[in-house]
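K.L.:
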Amino acid sequence: MLLPTIAAVNADENQSDATAADTEASTDSDTGDSSSSSSGVVETSAQVIDELNRSRTYSTFYDNHIDDPRPDREYIINGSDYTYASEDSGAYVDTLDGLEALVWENESGAVEFPVTIEEAGLYNIGLTYYVLASVANDVEFSLLIDGESPYSTADRIVLSKVWEDEEGSYSVNEAGEKVFKTDENGNQIRPTLEECLMWQTQPLKDTDGLFNDPLLFYFEEGEHTIRIESQKAKFAINQIRIYNKQPTPAAADVDTITTDVNEASETSGVHIPLQGETADYRSDITLYATYDRTTYVTSPSDPVKMFYNTIGSENWAASGQTITWKFTMDEAGWVKIGIRGKQNQMRGLYSNRRLYIDGEVPCAEAEAVKFYYSENWQCVTPTDADGNTLYFWLEAGEHELALEAVPGEIGDIMRRLDDLVFYLNSYYRQILQITSPTPDEYNTYMIDKQIPSIIPDFEIYAQDLRDIKAEIETLSGTTGTEAVSLETMAQLLDKCIDRPDDIPSMLGQLKDDITSLSQWMTDYRSQYLEVDMIEITSADVEFSSVKENFFKSLSFDFQAFLGSFFTDYNVLSGENKDALNVWVSLGRDQAQIVKELVDSYFVPETGIQTSINLVQGGILEATLAGKGPDVALFIGGDLPIQLAARDCIVDISQYDDYEEVITRFAPNIMTLYTYQDGVYGLPISQTFSMMFYRSDVLQSFGFTDVPEDWDQLIEMLPTLQRSYMGVGFSFDVFGTFMVQRGLNYYNDTKTATIFEDPLAVDAFETWTKFYTTYSFEQTFDAFSRFRTGEYPIIITGYTFYNQLYMAAPEIRGLWDFDLIPGYRNADGTVNHATTSSSAGGIIFSKLNEEQRADAWELLKWFTSTDIQSEYGRSIEALLGPLGRFDTANMEALRQLAWSRSEADLIIEQMMATVEIDIIPATYIVTRSITNAFRETVNLNKNPRDTFLWFNRDINDEIIRKYEELGIEIPTEDDN
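Have a look at this one:
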């Protein structure tokens, strides 16, 4: 894959020391005299690349254009007036729900629209759109103006869908209120969400959560072409509006808002409660009903039963997420709004919500309603700057109230810190290239001379950090420890400024402080809020009290305590002797989601009663003792094969629809569940390695491509290692080297390994050589090394993406991932095969035939595309992007929150996976390979001899294990 073209800057040698990689890799690409230092070239190149990358951010664009005119003009482009649509877009014009529109039927392609701008300046862009029924993802696309992207944020524009409680998952009582269904234990069942297909009008917004206002775009006077390129676009466009958002007026300037209690008292007797969990619309599928069982104050509440009584919390933290409630005014009048919420995540600061009434922000004071940190529930009312309650005049009839998460005043602080962290990381990397990770204490390195800009910039950064800290303390009203990371970083920069020669000795502390500052930013840029209830009342009606009564709290807690003795919280379903007994080896929250899916879909659809139980480990022991489950989910490693070898589980390949079912998965994954002639499980999850790379760092060294094969990777090492950069591997890469050479571990009868094969020995030598010759580290902090750029290439599980995306926002757009480097065959083709790990579902053989058939229905249902995508979305809603599910169902993976290009790449690597057979003695194989590796790398033993020595132990143990289990040892004749 080509790296993004930003600058053709070549990085030559950096240090006089040559690493071991110099002597092994070809030196044809090296230029200059390696005995002389040319570190200045590298540093200048790195700075140029960093500046070019930073110049593409929306933050930089905003700062550069802040004083440009914003004409009070509006241009409307009808969707039907497009001038170009690529064939793969499937675009056509049709009338949809009463409006003529461009219907973009496929999730790919591009469309173009013409527009003539009469006055140059900055403009907002808004779309009137209709998301077509499709996968769960929001609409994602890139926007180009005259063929160019204005900034990096425009490369991934997101338009949200609308979600509502699925019809049938709740009932409506006489008062018109939603009532959630309950299970056999009296616990409420959380309603599932479904798409609400409707027209929406939304401005294009910043997806990074740093700006409150819509994105700005600069247009020169004249004719232009707006091009939309799909990432996950399956929607209709009625209108594109180019305009300028007008400032929201203050409450004092709005006739329908008053702070005069006497005027507001003309209305009386109004009390409209809106339960948070029964919201009508959400902009995100993660905004489902949640619960708080810690107090009786929430409505409804129960000390023992599970009642869903809130919405939001960790799920409602991303800028732009919106929740909407409908209500009816019987008569026109003045009302105030009370929001019972809890923000107990951002200590010392507040979360912000933009308030909409009937789709409009009524006044400037409603642009950011603040919810300060508190461990308790609080009632927040929109007020003016003097703290006076705002009363809103509402006409009789139906209305909508919406709350949108916005960054508020902390947004500008975070974007400035975002720049600071980026540049501090850049300087850390430049220092590292001069000093190495372990600087010589007797060498000053003259950092301030080799990097002339470092001291002046550190002076600016230290002052900026203190200014930002003061702003945070002003916002929070405290001078506590909430921004201590900023002061710590500033003090370290002061030391660097005062004693430049000591900078090398402070390198470790610099890295740690940058990491702490980055983590603080990650924690405090989110806008957490949990809402229990919203009350709309007239001036004479008090909001419900949020203060806890001591005796009521004592009674509630005591009942909860007593209930804990009579409720088995590991048994998630009611007792039913005829139900399938399903064990789930996950955390409680994940198991609860499995139960909700079973109760909401599987049981009603099939009539098969199912009991979900949370069990951690011990399945083999329980099964052998006759107390095991009927079905177990998320069973990984070699456990399915260990159970199969003991005749404890069912061969699922006997079922007529088996071949059809396994088309959901990667072609080779069933190898992990195959023993002798049977297949003993269906995969649920699957993870495998991919290559992650920092495009900015690689560009600073002159690399224009990422390595396609291992030889190309090795050729990069001299350049990287001379600047004390490196490459990181996950430990299990040996299997990858084997399958890329077309090998497995075992002979056809699985009675011995094939490690004596010259290609197998070559695979082991290649693996260990990365550590013995190229000095790779065996253990390292992958996230930290990649974040700082010390390891611009890391090969690890593809879910590493989730951690980078969530926890390293400052390098967003500077990294990507690709197929794992491959083995180049004699014909020039590259084999990108790798191995994977999986967890699956198994059926126990103690069941009779009818029960086995029911269990097979359960496994088929749970591994289906719809349920896997629903489970994945629910897990991500629960845990955030860090918890994005690594489903084994390929089509379900596409329906998770991956862009189309990301999903294509992951599935391409998934299709290339080749699995290593699992046998009863797999444990000795894994252990012996690890021991052979350690003796080779740590004790400098000969790799071939060591590998073959341990191979004898492996083969002996394989035979011994078969004999122990009483299994007839297969022979070549058996095949």
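Per the UniProt record's numbering, the very first residue in the sequence shown carries number 1; after that it's consecutive. All C-beta atoms, glycine included, are put in the ideal place defined by N, C-alpha and C. Keep in mind it's a predicted model, so treat the numbers as computed, not measured.
Given 8 Å as the limit, is there contact between the stretch 73 to 82 and the stretch 225 to 243, that is, 3 or more CB pairs closer than that?
P.N.:
They touch, by the three-pair rule.
K.L.:
Are there three or more Cβ pairs, one per stretch, closer than 8 Å when the stretch 637 to 656 is compared with the stretch 671 to 687?
P.N.:
Judged by Cβ distances under 8 Å, the stretch 637 to 656 makes contact with the stretch 671 to 687, as three or more pairs qualify.
K.L.:
State the Cα-Cα distance for the pair PRO640 and THR623, rounded to the nearest angstrom.
P.N.:
If I take the Cα positions, the gap works out to 12 Å.
K.L.:
Which two residues bound the contiguous beta strand (DSSP E) that contains ASN125?
P.N.:
Note that residue 125 is Ile in the sequence shown here, rather than Asn. Segment 121 to 131, the beta strand (DSSP E) holding ILE125.
K.L.:
Excluding sequence positions up to five away, which residues of its chain have a Cβ less than 7 Å from the Cβ of LEU814?
P.N.:
ASN53, ARG694, SER695 and ASP696, listed in sequence order.
K.L.:
Kindly indicate which residue of ASP302, ALA252 and THR201 has the alpha-carbon position closest to the one of LYS186.
P.N.:
In the sequence as displayed, the identity of residue 186 is Gly instead of Lys. The option with the nearest alpha carbon to GLY186 is ASP302.
K.L.:
Bridge partners of PRO114, per DSSP?
P.N.:
According to DSSP, which records beta bridges pairwise, PRO114 is partnered with THR225.
K.L.:
So, do the stretch 591 to 602 and the stretch 821 to 831 have three or more beta carbon pairs nearer to each other than 8 Å?
P.N.:
No, the stretch 591 to 602 is not in contact with the stretch 821 to 831.
K.L.:
Would you identify the three-state DSSP class for PRO683, choosing helix, strand or coil?
P.N.:
Strand, per DSSP.
K.L.:
Using the three-state DSSP reduction, which class does ALA903 fall into: helix, strand or coil?
P.N.:
Looking at ALA903 - three-state DSSP - the assignment turns out to be helix.
K.L.:
Runs of 3 residues minimum, wholly inside the stretch 211 to 258: which ones carry the beta strand (DSSP E) assignment?
P.N.:
Runs of the beta strand (DSSP E) inside the stretch 211 to 258: 217 to 219, 222 to 232 and 235 to 243.
K.L.:
Quick check on GLY333: buried or exposed, where buried means 16 or more other Cβ atoms within 10 Å of its Cβ?
P.N.:
Its Cβ being crowded by 16 or more others within 10 Å, GLY333 is buried.
K.L.:
CA-CA distance, LEU274 and PHE550?
P.N.:
For LEU274 and PHE550, the distance between alpha carbons rounds to 26 Å.
K.L.:
What beta strand (DSSP E) runs, 3 residues minimum, are completely inside the stretch 367 to 435?
P.N.:
For the stretch 367 to 435, whole beta strand (DSSP E) runs of length 3 or above, ordered along the chain, are 369 to 372, 378 to 380, 391 to 394 and 397 to 405.
K.L.:
Can you list, in chain order, the residues of its chain whose CB lies under 6 Å from that of GLN909, leaving out five sequence neighbours each side?
P.N.:
MET690 and LEU819, listed in sequence order.
K.L.:
Indicate whether the contact test is met: 3 or more Cβ pairs, each with one atom in the stretch 719 to 727 and one in the stretch 897 to 913, closer than 8 Å.
P.N.:
No contact exists between the stretch 719 to 727 and the stretch 897 to 913.
K.L.:
In the DSSP assignment, find the unbroken beta strand (DSSP E) run with ASN78 in it and report its ends.
P.N.:
Where ASN78 is concerned, the enclosing beta strand (DSSP E) stretches over 75 to 78.
K.L.:
Could you spell out the range, first to last residue, of the beta strand (DSSP E) harbouring GLY508?
P.N.:
It is not in any beta strand (DSSP E) - GLY508 instead sits in the alpha helix (DSSP H) that spans 507 to 524.
K.L.:
So, with DSSP's three-state summary, where would you put GLN275?
P.N.:
In the structure shown, GLN275 sits in a strand (DSSP, three-state: E or B).
K.L.:
Considering only residues of the same chain and omitting the five flanking positions on each side of THR23, which have a CB-CB separation below 7 Å?
P.N.:
Low confidence applies here, because THR23 scores a pLDDT of 44, under 50, leaving its location unreliable and the question unanswered by this model.
K.L.:
Looking at the secondary structure, which residues open and close the beta strand (DSSP E) in which PRO203 lies?
P.N.:
Here the beta strand (DSSP E) through PRO203 covers 199 to 203.
K.L.:
Measuring CA to CA, which of HIS832, THR887, ALA921 and THR295 is closest to PHE558?
P.N.:
Looking at the Cα atoms, THR295 is the closest of the given residues.
K.L.:
For THR796, does the three-state DSSP call read helix, strand or coil?
P.N.:
In this structure, THR796 counts as strand in the three-state DSSP scheme.
K.L.:
Look at the alpha carbon of THR887 and the alpha carbon of ASN388, and state the distance between them as a whole number of angstroms.
P.N.:
If I take the Cα positions, the gap works out to 52 Å.
K.L.:
Measuring straight from C-alpha to C-alpha, what distance separates GLY728 and GLN47?
P.N.:
Distance between the alpha carbons of GLY728 and GLN47: 24 Å.
K.L.:
Can you find the residues in the same chain that come closer than 6 Å, C-beta to C-beta, to ALA317, ignoring five residues on each side of it along the sequence?
P.N.:
Cβ neighbours of ALA317 beyond the five flanking positions: SER526, GLN527 and TYR528.
K.L.:
Alpha carbon to alpha carbon, what distance is there between THR225 and ILE145?
P.N.:
Whole-angstrom Cα-Cα distance: 6 Å.
K.L.:
Between which residues of its own chain and GLY312 is the CB-CB distance below 6 Å, once the five residues before and five after are set aside?
P.N.:
Excluding positions up to five away in sequence, the list reads LEU529, GLU530 and VAL531.
K.L.:
Once you ignore the five residues that flank THR44 on each side, which residues in its own chain have a CB closer than 7 Å to its CB?
P.N.:
Residue placement at THR44 is poorly supported in this model, since its pLDDT is 40, which falls under 50; the coordinates still yield a value, given next. Counting only Cβ-Cβ distances below 7 Å, and skipping sequence neighbours, we find nothing.
K.L.:
Between which two residues does the beta strand (DSSP E) harbouring SER171 extend?
P.N.:
Taken as a continuous stretch (DSSP letters only), the beta strand (DSSP E) holding SER171 covers 170 to 172.
K.L.:
Could you give the first and the last residue of the continuous beta strand (DSSP E) run that contains TYR356?
P.N.:
350 to 357 is the extent of the beta strand (DSSP E) around TYR356.
K.L.:
Out of ALA251, THR324 and LYS234, which has the shortest C-alpha to C-alpha gap to GLU277?
P.N.:
The shortest C-alpha separation from GLU277 is found at THR324.
K.L.:
Identify, in the order they occur along the chain, each residue of the same chain with its Cβ nearer than 6 Å to the Cβ of ASP50, setting aside the five sequence neighbours on each side.
P.N.:
Cβ within range, chain order: SER426.
K.L.:
Any idea if THR258 is buried or exposed, counting beta-carbon neighbours within 10 angstroms, 16 or more meaning buried?
P.N.:
THR258 comes out buried.
K.L.:
According to DSSP, what are the bridge partners of MET329?
P.N.:
In DSSP, MET329 forms a bridge with GLY397.
K.L.:
Who pairs with LYS336 in a beta bridge, going by DSSP?
P.N.:
DSSP, once it has assigned bridges, lists THR537 as partnering LYS336.
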